[in-house]
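Just so you know, the protein sequences line up as chains Z and E, in that order.
Residue numbering for the first sequence follows our numbering, starting at 612 and increasing by one per position.
Residue numbering for the second sequence follows our numbering, starting at 612 and increasing by one per position.
Beneath this line is the structure, given in structure tokens, with notes to follow.
2 protein chains.
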Amino acid sequence: MTTTLTEIAANKCFGGWLKRYKHRSTSLDCDMIFAVYLPPQAETQKVPVLWWLSGLTCTDENFMQKAGAQRIAAELGIAIICPDTSPRGLDLPGEHDSYDFGSGAGFYLNATQEPWKTNYRMYDYVTQELPGLVMANLPLNGRESISGHSMGGHGALVLALRQPDRYSSVSAFAPIANPSNCPWGEKAFSGYLGAYRGTWAQYDACKLISTRQSRQELFVDQGEADNFKNEQLKPEQLQAVCAEVDHPLIYRSHAGYDHSYFFIATFIEDHLRYHAKHLFNRAE
Amino acid sequence: MTTTLTEIAANKCFGGWLKRYKHRSTSLDCDMIFAVYLPPQAETQKVPVLWWLSGLTCTDENFMQKAGAQRIAAELGIAIICPDTSPRGLDLPGEHDSYDFGSGAGFYLNATQEPWKTNYRMYDYVTQELPGLVMANLPLNGRESISGHSMGGHGALVLALRQPDRYSSVSAFAPIANPSNCPWGEKAFSGYLGAYRGTWAQYDACKLISTRQSRQELFVDQGEADNFKNEQLKPEQLQAVCAEVDHPLIYRSHAGYDHSYFFIATFIEDHLRYHAKHLFNRAE
């Protein structure tokens, strides 16, 4: 371990270790915290990693506290890393005024508009800077899969669709699948990327699928009682575009389940086993 | 469902339902909230219940969000009920001044001192009023086991030791095992029960064990890296008194584990399976 990462917390959990690290981010120009669960296997060998991207208002902590994923990660021998959801410690004008824009709502993109463009570069942070740091400092073998929830489900789909050969597998819970056409996405993209919608497409899973650049299978779980489903998440649009361009999609709709972590906790085991299948079977 | 309980939240989880109810408590003279997880089996039959008593600063929510117990409860067909940890909505003098006394710190006892004695009657609430309410209003079959963490581990042990024939089984995570002889317990018992230590024994697991009133087996898990172990929890005293009077005790010490919910999450499955064995095998 170099001094690049400062360990700020460590809890033993299912035989492995949940740790939180603080570091100076050059891409975001602020101090950031992320969480990593290292399964017991990581004490003697390098392990693959599942990136988990969280939703609006979350930090690195929510998934680790509420999803119950460590049990299965420990069994399978997979590390999990949860980045934060936006730059922190800044006080840009209006940054903390709403739950769906600014702090806690980075949308995993590189902003182009003032005053956001200097710091709000979460796409670079989660695809380049943070992977570089953890691969150099933690017992990881370089294989990566990615998943996330809501805004983080959007992030997972977008990151995988834009880098078709990078992740062994990708999944999402209740992702914001078509942000160009929902209030959350329109607010975020207008603010971070500007009014011209042509630049939005690079961060919109449905638009990216329609380009046919990636053929990677998408695994998506959605609760039918999710209050945000129709207005914000647009799973029907995701299904439609996948059908249109024949993009491989496993889409599961779950009666009675809402948008909460109780939904994620119920189905996270299926996702981890799906990712394990791809992480451990991928050709060297 | 009578109008006695007002449902304020419902989340589908592992095929069952997590619900939060609000009700007027007569024993505490205030409005209270509790959480219940009803496993899928409860839709067609009455099920047994595990009472979970939480620790200092907790509400009805912590265990349900962080322990990952619903998965196993759903498999086993056991309901879980989490009461709150103190009366709420009052503003008694000094009630909110510290994390280890007053609100969030009811210690599952009936206070005898002013200004606490009117409202701080958590022993009556969790042994009588709340069980009466839930047995009348929820699909429960009357069989009960009990568990808890820290202050709630103290509560679970005390409630079971004082009512030897009531609970099918009892367990605890890192309980405050000898509160008469630790700072948390001395502060709470002095404030709620007064300076005379003779009255404290009725709420002290070690003292109750030494009376030999109960012969019920106790199942206790303790983390060796728990910061509170030596000063507040006194597991050695628990082991010593059980050995002295030959009280049945399963005591497990876990290297590296601390006082957090990550410790509880790791071992809650063992506790639920232990309770299930007793809840379903108990003679009618």
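Where is the CB? At the ideal position from N, CA and C, for every residue including glycine.
Query, Result
"9 Å Cβ cutoff, Ala747/Z in contact with chain C", "The chain inventory of the structure shown lacks chain C, comprising the protein chains Z and E."
"Length at least 4, wholly inside the stretch 638-690 of chain E: the alpha helix (DSSP H) runs in chain order", "673-677, 681-687"
"Close-in-space but distant-in-sequence residues of the same chain around Glu618/E (CB under 7 Å, 5 per side omitted)", "Lys630, Tyr632"
"Beta strand (DSSP E) segment containing Asp860/E, residue limits", "Correcting the residue identity first, residue 860/E is Leu in this sequence and not Asp. Here the beta strand (DSSP E) through Leu860/E covers 860-865."
"Touch test, the stretch 726-737 of chain E against the stretch 669-689 of chain E, Cβ-Cβ under 8 Å, three pairs minimum", "no"
"Neighbour-count burial assignment, Tyr734/Z, 16 or more Cβ in a 10 Å radius", "buried"
"Contacting residues, own chain, Cβ-Cβ under 6 Å from Ser577/E (five flanking each side not counted)", "Lying before the first or after the last residue shown, residue 577/E is absent from chain E, which here runs from 612 to 895."
"Cβ of Leu629/E within 9 Å of any chain Z Cβ", "yes"
"Under 9 Å between C-beta atoms of Met762/E and Leu664/E", "yes"
"Asn789/E burial status per 10 Å Cβ neighbour count (16 or more: buried)", "buried"
"Buried versus exposed, by CB contacts within 10 Å (16 or more), Gln656/Z", "exposed"
"Contact set for Asn838/Z: own chain, Cβ-Cβ below 8 Å, skip 5 residues either direction", "Asp869, His870"
"Contacting residues, own chain, Cβ-Cβ under 6 Å from Ser780/Z (five flanking each side not counted)", "Ser756, His886, His889"
"Local conformation of Glu855/E per DSSP, three classes", "helix"
"Distance CB(His858/Z)-CB(Leu883/Z) smaller than 9 Å", "no"
"Close-in-space but distant-in-sequence residues of the same chain around Arg823/Z (CB under 8 Å, 5 per side omitted)", "Val856, His858"
"Beta-carbon proximity list for Gly802/E, same chain, < 6 Å, skipping 5 on both sides", "Phe712"
"Proximal residues to Gly688/E (C-beta, below 7 Å), its chain only, five neighbours per side dropped", "Pro650, Gln652, Val658"
"Alpha carbon of Ser758/E to alpha carbon of Arg635/Z, nearest angstrom", "43 Å"
"Candidates Tyr736/E, Tyr710/E, Ser709/E, of which the one nearest Ala722/E by Cα", "Tyr736/E"
"Burial state of Ala783/E, where buried means 16 or more other Cβ atoms lie within 10 Å", "buried"
"Cys817/E: first and last residue of the uninterrupted alpha helix (DSSP H) it sits in", "816-821"
"Partner residues on chain E for Ala836/Z, Cβ-Cβ distance less than 8 Å", "Lys623"
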